[in-house]
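Protein chains in written order, with my numbering: chain A, 1 to 474; chain B, 475 to 875; chain C, 876 to 1358.
The beta-carbon is built from N, C-alpha and C at its ideal position, and this holds for glycine as well.
Keep in mind the model is a prediction, meaning the values are calculated, not measured.
I have placed the structure first, in the form of structure tokens, so that the comments after it can refer back to it.
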Amino acid sequence: MHPAFLALLPAVLAPAQDPGPAAKADAAPVGRATVYRVDRIETLDGEAMESATLVVRQGVIEALGKAVVVPTGAVVHDLRGGGSTLMPPYVLTHANWLQSDSRGNGRNARFLAADSLWLDDDALQPLREHGVLLVGVDPPGSGLPGRTSVLDADAAAPQPRARVRDLHLKVELDSNNRSKELLRKALEDADKAIEKEAKARTDWEKARKDWDEKQKKAAADKAAKDEKKPAEGGEATPKPGKDEGGDDKSSGKGKDAEEKAPPETFEPPTIEPDLVPVVEWVRKQRVAQIWVDDAAAWLHLLDVLGERELPWELVAMHSSSTNLHEVLDALEKRGERVYLPARLSFLPFTRTRLNLPAELAARGVPLVLLPPATRGPGGFGRSSAETNLHDWRAGVSELVRGGLDRGVALRAITLEAAAAIGQEEHVAALVAGGPATFVILDGDPLDATAEVQFLLREGKVLYDRAKEEKEERR
Amino acid sequence: MIPILALMLPMLFQGPAGEDVYALKAAKVFTAGDAGVLNNAIVLVRGKRIAAVGRADQIDLPPGTPVIDLGEQWLAPGLHEPHNHAADSGNDINDMVHPTNPDLRVAIGVDPDNPANKDALAGGVTTALFIPGSGTNIGGFGALIKMAGHDMDDMLVMNPGSLKVAQSGNPERWYPFVGRSLMNWNTRDTLQRGLGWAEGYAAGEIGWSDFWRDFEPLLAKDIPVSVHTQIYQVVLMTLTMQKQELGLDPFIDHGTFDGYKLAKLAAELKVPVMNGPRQFFFDRTNSRIQGCGAGWAEAVPDGLVLGYNTDSGGVPQEELSYQAAMGVRLGHDDPEGALKGITSYAAFALKCDDVSGRLEPGLEADMVAWTGFPLDPRSFVTRTWIRGELVYDAERDGRRF
Amino acid sequence: MSPVSRETFWRLLAGAVFLLFAAVAGWAQEPPPGPDPQPEPAVEAAEEIEEVAEAAAEPEVVENLLAIVGGRIHTVTDGVIHQGTVLVRAGRIEAVGAQVSVPAGARVIDATGMHVYPGLVATDASGLLGRPPKPADSFDPFSLTVDLALSGGLTTVHNNGVVGKLTRGTLEGHILRENPFVELSYSSTSPTSRRKLVEDLEKAREFLRQRHAAERARADGDKDAKDPSDKGVNKDLVELLEGRRTAQLQGSNARDLLAVVDLLERFPMRAVVGSGIEAWTVAPQLGRAGVMVVVSPRQKNWADDRFNRPNGWSIENARILHDAGVRFTLQPRSSSISTGGIAGRDLLTLPMEAAFAIRGGLPQAAALKAITLDAARILGVEDRIGSIEAGKDADLIVTDGDLFDYRTFVQWAVVNGRVAYDKQAAPYFAHIRPRQEPPSGDALDALRAAAPGGADAALDDGKDVAEPRDVDAPENSSGTNGG
């Protein structure tokens, strides 16, 4: 670049970097900047930036782009030359190797995935090594096994730690285990519980109303009596307590027994703990994640939900051969987010390849991609973290080679996944002023052999490959 | 009434050497030979053999010849079954002593009173190759038999009738740690030793061996090798080992699953195929129900000889015609060819086409009268003759099928 | 041929004119294989006519309206219509006949040269419906076996207490009836079980008598007449005696069959006896008792010569039962669908099982009734399915030949008015004697051959040409012809 231009550049850029007068006053010593220079930045917000630079200061992306100047005194990590990519970090919404205690098939909605974690010291290290910042865990089992949780891959946090303890209600339909009947019964029981509560509330309201009226009447009677008394000289005082709450009709019965007031606030009848999350779901206070594995399970799900309009998302964990293409139209019509395993599959009894994610993406359905080996309904298959994470990334590559849009694929394992677990503010598209939360790979993210070099959250380095390797060598 | 009288008349009218003479007249005569299908035709029987076949207006019957008029019925040659395990008493089909048992003969196991044979007659089957099971790679030598006879000798057509080889796909279940490489080596080795003896004996260099005796007709190709073989790899081994390497006359006696993919090679090597009992292969790469007969039939224009079997015992013997019907249904679009497959072509594969299999002068009078086209399961057999003798009559004996 | 309304006639003529030009235009854009000289390109003309044609085009195909036109219709209850139309609306048969007119917007299946039968019914079929305890919750309407069963002509089957339709791709209208049977054990070799059953039936009958008496008394004004206590009363038996369910008994030998006859004489009720292998030996008694029989024509059991009565199996079993007026259905020995390769012995080829009964002397019409209406009767659903009559469910099959011919295949299967199977569209049998595509060569000749209002195959040279949807120019229901 021309030196003159360089000299002018700060002046040009300074206003853009200016955090504003108020912030300036607060930021006492301006922190050292860290600069990352890579071959490509996938902001996932518009076009990718080739040969770009990203500046982090105080946990925020100060600047990013092709023509960003390196602030003086900044620590510079120059990773250019090998196809390095910087992008928002991976988010894995369903990891199957971090929990235990499958209760089989049943109504176990009170359990939280966070309470059955199986974490040893290094359980989260593979996640960081693969650039995964957040990971969702779901309770094993079928039917209503419990509620999902979200974990942080940050090693500094005390273990076990759940970023979110109670996220979604999990429902898993498994025709072998009669979970349709289970779900049907749960919804019916929830309806009954809601009805019971509504009735109890109505009864309570009526009781309060009656009570209030009685009180008013008693007060009115008393006032009337009081009015009379002064005219007579105040001798005959009304006997305390006698007529309280009683009107003329009831004074004949048990006058001494005080009638108790109904509670001030409504106390709803207790609902059994395994039914509470279902009731919340029916009241649309929470979202359910419903697992199916084939087109028949989908039809049975729609059948049991019937006319109800409930908030739920589909997790379609199919195997290598699937007939889920039969429900593409229905999913398109529904338009809601769908979770799919990152794998190509075959149409049943054929060698015809099916790229379900590409089909759904083409129809505008938001997608989250999961590792292909994530267990299917009813089972609990614990595979190693490494295998799962590798298969996940390899699967995504395979899908893109098979026709899935690259942008959709990258979003499906980052931003869309984050939104799915309510973390869209935490993991977002990379923009100047946004949090410095990102991952850097030494190659293309769709290259399963590319390795993670850095993982940052709000500027804090959670994983630094060079440093780790150096420590290992010592 | 008239048929009964007609049956009695042959006693009055006997040809030279005391042979019975009579004629059958039918609206349709399926010769299974070069004469094709003849309408309103006559088959003249003298003794055990067919004396003449032709259109009614072209045959000169000796005066007074009793004529059995079958009316609108079809007359066809007796059906030939290339894979029968049902003519025995039930226990004799799988003597699994060694992986190869070249010295065993099953002829001894044939049971003339077996009701299954009577049912077979009611299904139009007159000849069957009764063979050992596939529990070993070489179960022994089978016997070609007629389905009726006063005793064993009466029933035997050829003994030995064939060498039974089970290339693969059953023997390995019975011998632990054995796979195809051992089985194929051992099978080849046994055959080579047997053929070696036969060659030496024929050249006068070696003495008689009771153990290897049946390799003499095998070497001379007087008898075929009936091979239990199916799926591509195994059928390929049969074609290369039995035909190309050892120079025998095998015929494929299953050929099911995806064996049909070798149709062209089988045609080239002149190896007949008797398909069954499975008649289709569900191709899991494209969800097709592929008819096995249809697959093999692709090479019929190249000269492949194609027929059907029941592997009876599982599929009952009397349903041989139904097996061929299923072959046609699933894509072998040549009903007459399929019917030839269980008559003349089968006789060719069984090397008895000089004895039976067609309605032609000189051949034995094994004939069946049907109420309609034989492959149609709605048709039934009214009468069956073996060597001119009425061995089944639906009216006389009661319907057995 | 069905008569054509005036409106339809003009539409057809417009369509024919359009097709003529379109065909010509089509030739202009792609040289045909033949040696005919190319007509002058008429691309512009074709475009204009396309617009005109679109303007004159029919409204969209109405979702629930289907017409099967031109086939030989075997109604089962009312003879054979040699060339007729079955009109289906909202899952029911609306009209059947030689002169039925087809409303606009109907999807049309051209069954010219083909046969139309009621969907076949199997009284026992495994591997098709869901599993116990709640089969309705685990039915897989996309399974391979369901597809194959439809390809064999089956539309309704029973298993595990559920009478279910093979509603491919949907759960709607799947369950036809639940719990049609009450299993009874009345074996000739078990006097204890016989006595117990008779006692229970007596109790049930007495309960019904008393309840009926109480109802009558109340109707006569006696308000205090109370229903009897149902304590100790077997409710299943009550339903049996009321005629609402069917008793299911076993009777493979003559002794057991006669025992069943005896039971029914004491307690008349709807009953079916399974594996009736010796039923032919006691046909008259079965006929008088009105018991229904499940016959497996090829089930063999050799006669024992020591018996002094006819025994064992007979290929003529069904024929003899038919002659004695016994109602029966036909089942193969294997009541499942197998892809193993042994052909013609399971539910994939139910009509072939019937063909063997025909071999035994059963008339073809009776064989058809056995696997349609009488099977439905055994399951207690004869008011809904089993014959082609107005008002019944639209469960139909179209075959390319006589149902009992060994070469015949099902071309289309319709369940609840929806096309559940199309041989040409499904991968299983499409390659075997593929359905003849409409002529794509000389369009002019085809047009000339088409009489006005005739049911001709749509002309389609594989191009994406907007055709007016005319009811008398039936579409090939398998979609585009050009592939």
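- Here PRO140/A is near GLN99/A, since their CB atoms are less than 8 Å apart.
- Cβ contact annotation for VAL511/B (same chain, cutoff 8 Å, sequence separation greater than five): LYS502, VAL503, PHE504, THR505 and GLU810, in chain order.
- Positions of the alpha helix (DSSP H) runs, each at least 4 residues long and wholly inside the region 1051-1138 of chain C, are given as 1066-1094 and 1110-1116 in order along the chain.
- In the three-state reduction of the DSSP assignment, LYS592/B falls in the helix class.
- The beta carbon of LEU849/B sits closer than 8 Å to some beta carbon of chain C.
- CA-CA distance, ALA288/A to TRP1287/C, rounds to 41 Å.
- For GLN797/B, the enclosing alpha helix (DSSP H) has its first and last residue at 794-803.
- At least one C-beta of chain B is nearer than 8 Å to the C-beta of THR1214/C.
- Considering only beta carbons, the part of the region 1145-1177 of chain C lying closer than 9 Å to chain B consists of ARG1173, LYS1175 and TRP1177, in chain order.
- Residues of chain C with a Cβ closer than 7 Å to the Cβ of ALA295/A are, in chain order, PHE1017.
- Contact of LEU1046/C with chain A by beta-carbon distance below 9 Å involves ALA296, LEU299, HIS300, LEU302 and ASP303.
- Using a Cβ-Cβ cut-off of 8 Å, ARG758/B counts as an interface residue toward chain A, since at least one Cβ of chain A sits closer than that to its own.
- Contact between LEU630/B and ALA617/B holds: CB atoms are separated by about 6 Å, below the 8 Å threshold.
- Per DSSP, the unbroken alpha helix (DSSP H) holding GLN1239/C starts and ends at 1239-1245.
- Here the region 1260-1272 of chain C makes contact with the region 939-956 of chain C; the two share three or more CB pairs at distances below 8 Å.
- Comparing C-alpha distances from SER1171/C to each of ARG1130/C, ARG1086/C, LYS1106/C and PRO1226/C shows the shortest one belongs to PRO1226/C.
- By the criterion of at least three beta-carbon pairs nearer than 8 Å, the region 349-367 of chain A is in contact with the region 311-328 of chain A.
- Taking 8 Å as the cut-off, the beta carbon of ILE1190/C is found closer than this to the beta carbon of ARG873/B.
- For the set VAL975/C, GLY966/C, ARG964/C and ILE948/C, the Cα lying nearest the Cα of PRO993/C is the one of ILE948/C.
- Under DSSP, TRP659/B shares a beta bridge with no residue.
- A distance of 8 Å or more separates the beta carbons of HIS554/B and ASP785/B.
- Distances from the CA of GLY1236/C to each of VAL855/B, ALA823/B and VAL842/B were compared; the closest alpha carbon is that of VAL855/B.
- Between GLY1002/C and THR1020/C, the beta carbon gap of about 5 Å places them in contact (Cβ cut-off 8 Å).
- Three or more beta-carbon pairs separated by less than 8 Å are not found between the region 665-681 of chain B and the region 737-752 of chain B, which leaves the two stretches without contact.
- For the pair LEU1116/C and VAL1157/C, the CB atoms are not nearer than the 8 Å cut-off.
- Between GLU646/B and VAL639/B, the C-beta gap is not smaller than 8 Å, which leaves the two residues out of contact.
- At least 8 Å separates the CB of ARG982/C from every CB of chain B.
- The criterion of a C-beta distance shorter than 8 Å is not satisfied by ALA1134/C and VAL1166/C.
- Residue burial annotation: ILE1233/C is buried, with at least 16 other C-beta atoms found within 10 angstroms of its C-beta.
- When DSSP assignments are scanned along the region 413-452 of chain A, the uninterrupted stretches of alpha helix (DSSP H) that are 4 or more residues long and fall wholly within it turn out to be 415-420.
- Of the residues assessed, SER563/B falls on the exposed side of the cut-off, its CB having fewer than 16 other CB atoms within 10 angstroms.
- Burial check for TYR706/B: the Cβ neighbour count within 10 Å stays below 16, so the residue is exposed.
- With distances taken between CA atoms, HIS1306/C lies nearest to HIS806/B out of MET715/B, LYS499/B, HIS806/B and VAL829/B.
- Of all residues in the region 345-357 of chain A, those with a C-beta nearer than 7 Å to a C-beta of chain B are PHE349, THR350 and ARG351, reading in chain order.
- Interface criterion not met: the Cβ of PRO724/B is under 8 Å from no Cβ in chain C.
- If you look at HIS300/A, you'll find it in the alpha helix (DSSP H) that goes 295-305.
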